[in-house]
Amino acid sequence: MSPRPFPLRPQSTRSPKSTGPAPRPRSTETWHYPLRHHNYRIFVALSLVGSGGVWMQRLAQDWLVLQLTGSPAAVGLAVALQFLPMLVVGPVSGVLVDLFPKRRILLVCQAVAVLLAAGLAVWNATGGTDVWVVYASCIALGITSAIDGPARQVFVNEVVGDAGLPAAIGLNSAIGQLGAMAGPALAGVVIAQAGPAAAFAANAGLGVAVLVMIVSIRPGELHHSPEVRGQEPRRGQVLAGFRFVRARPPLLLTMLLAGLLGAFGMNGPVVLAAFADRVWHSGPAGFGLFNTVSALGALAGALVATRIKRFGRKGIVASAGLFGLTQLLAAVMPTQEWFVAMLVVVGFMTLLFLTSAATAVQLEAGASVRGRVLALYFPLLLGGHALGGLLAGWLTEDFGVRTGLVVTGALGMVSAGVIGLLLWRHSAKRTRTTG
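Residues in the sequence shown are numbered from 0 upward in steps of one, following numbering that gives the first Met the number 0.
As structure tokens, this is what we get:
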């Protein structure tokens, strides 16, 4: 029987030799604590649905581009256009997130996302074929996500307060990443059964549900940070986020590793579409199957990640290396059945790495700069994903589908090794300095 995901009661912090009263249990050590909050239960649900919807939209756009152009390189361009805006808008969005009400930001961003999904659904259903319309939607979604992503992550602090924050961040990161895997899986199934227009329409419906959930969050139960509330915009706030990260090499290296893995590992829309179309010749049905089994692996990874309280830098680097290795192995599988089996492992390692990295970054950032730090983290992760889409599209187009995935998997392993070495050198240097 598998262990329960949450303990039944807080663990006692009484020392075996203690004769005095036991200290108050630390809520940061009880994973079930955040779920006691009405607002957090709603927030977990909207994070799952909202994240899944965004990634559903992205994958439907990618598949529509492939249908309209027949070119994996064009799909790579679509992926890039979805994420490159984050490199420009991201640092500025962090200031907005730190200064303005997060709930209001989420409402505006979600409303824009609903309009984009509904617009593409109507356009595609009425026979639209101009690929530039899809590219324009990719850019608009990228700008919206650049603001919504940091706001959604920082909002966790206001939902649960400081008590239980590490547990809430870890669980929310896992849920968000799970949605990122489940969304493409759902999109693949819908596209196979009814086409891209139906996927866009379904996403618009999910977006409306998220709007309802955001409205149902009780403003009076939110915990506004006194360090942030009441600030006014001033010069240098964007640079403050850069200085905070630069002064902490382990944090900087963790963020850099996420960006590298985003470039070399998170290329599913391009690679899975190409495998379904050119290697296994299974079409939209195969594409949906590949995304579904990846999501199942991601679910297992999410469950494991939420039970690991302190993963540590070594664990983050190790999971990154295994992430690259599993992709390389998937590329050389001799049959579609073995390929599908390896995708489960790839999904597992994806969630394990992304959740542990995101949790480490958020916990190291103070409340007053968390929005700006996350506004640097997300552009690195998803901007790397954009560049990785171009790289994967080019490799797939010119050298073959299998070769493209072998190369990107190998580059992911090399990235993990280099970052691991730099972290070890920094730790050794710090030990000599303090020793």
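In this text, a Cβ means the ideal position worked out from N, Cα and C, and glycines have one as well.
Can you name the start and end residues of the alpha helix (DSSP H) that residue i belongs to?
{"i": "Met412", "result": "Val400 to Thr433"}
{"i": "Asn435", "result": "Here the chain has residues from 0 to 434 only, and residue 435 is not among them."}
{"i": "Pro333", "result": "Looking at the DSSP string, Pro333 is not in any alpha helix (DSSP H), and its letter there is neither H nor E."}
{"i": "Gly75", "result": "Pro71 to Phe82"}
{"i": "Phe199", "result": "Pro195 to Ser215"}
{"i": "Pro248", "result": "Pro248 to Phe263"}
{"i": "Ser144", "result": "Val130 to Val159"}
{"i": "Gly126", "result": "From DSSP, Gly126 is part of no alpha helix (DSSP H); its letter is neither H nor E."}
Would the beta-carbon of residue i fall within 8 Å of that of residue j?
{"i": "Gly383", "j": "Gly182", "result": "no"}
{"i": "Leu140", "j": "Leu114", "result": "no"}
{"i": "Val485", "j": "Leu185", "result": "A query on residue 485 cannot be resolved here, the shown segment of the chain reaching from 0 to 434 and no further."}
{"i": "Pro195", "j": "Ala59", "result": "yes"}
{"i": "Leu327", "j": "Ala409", "result": "yes"}
{"i": "Ala275", "j": "Gly264", "result": "no"}
{"i": "Ala191", "j": "Cys137", "result": "no"}
{"i": "Val209", "j": "Val48", "result": "yes"}
{"i": "Gly240", "j": "Arg371", "result": "yes"}
{"i": "Gly206", "j": "Trp54", "result": "no"}
{"i": "Ala294", "j": "Ser355", "result": "no"}
{"i": "Val91", "j": "Ile142", "result": "no"}
{"i": "Ala435", "j": "Val155", "result": "A query on residue 435 cannot be resolved here, the shown segment of the chain reaching from 0 to 434 and no further."}
{"i": "Glu396", "j": "Pro100", "result": "no"}
{"i": "Ala329", "j": "Gly411", "result": "no"}
{"i": "Leu380", "j": "Gly93", "result": "no"}
{"i": "Met435", "j": "Thr325", "result": "Outside the shown range of the chain (0 to 434) lies residue 435, about which nothing can therefore be said."}
{"i": "Val130", "j": "Phe243", "result": "no"}
{"i": "Leu45", "j": "Met212", "result": "yes"}
{"i": "Asn290", "j": "Val158", "result": "no"}
{"i": "Gln335", "j": "Trp279", "result": "yes"}
{"i": "Val343", "j": "Val292", "result": "yes"}
{"i": "Ser50", "j": "Gly204", "result": "no"}
{"i": "Met254", "j": "Leu375", "result": "yes"}
{"i": "Asn266", "j": "Thr407", "result": "yes"}
Check the C-beta distance from residue i over to residue j and give it rounded, since I have them as a contact under 8 Å.
{"i": "Pro378", "j": "Leu86", "result": "5 Å"}
{"i": "Leu133", "j": "Val64", "result": "Leu is not the amino acid found at residue 133; the sequence shown has Val there. Confirmed, about 6 Å."}
{"i": "Ser414", "j": "Leu256", "result": "7 Å"}
{"i": "Gly52", "j": "Val188", "result": "Between Val188 and Gly52 the Cβ distance is about 15 Å, and since that is not below 8 Å, they are no contact."}
{"i": "Val331", "j": "Arg401", "result": "7 Å"}
{"i": "Ala272", "j": "Trp62", "result": "6 Å"}
{"i": "Leu67", "j": "Thr128", "result": "6 Å"}
Comparing the C-beta of residue i with each C-beta of chain D, is any distance below 8 Å?
{"i": "Phe243", "result": "No chain D is part of this structure, which consists of one protein chain only."}
> Counting Cβ pairs, one atom from each stretch, are 3 or more of them under 8 Å apart for the segment 411 to 426 and the segment 242 to 253?
Replying inline: yes
> Quick one: any contact between the segment 150 to 158 and the segment 99 to 110, if contact means 3 or more CB pairs under 8 Å?
Replying inline: At 8 Å Cβ cutoff, the stretches touch.
> Pairing CB atoms from the segment 289 to 299 with CB atoms from the segment 345 to 352, are three or more of them under 8 Å?
Replying inline: yes
> Do the segment 310 to 320 and the segment 199 to 215 meet, that is, are 3 or more Cβ pairs less than 8 Å apart?
Replying inline: no
> Is it a yes or a no for the segment 385 to 395 touching the segment 63 to 82, going by three-plus beta-carbon pairs under 8 Å?
Replying inline: yes
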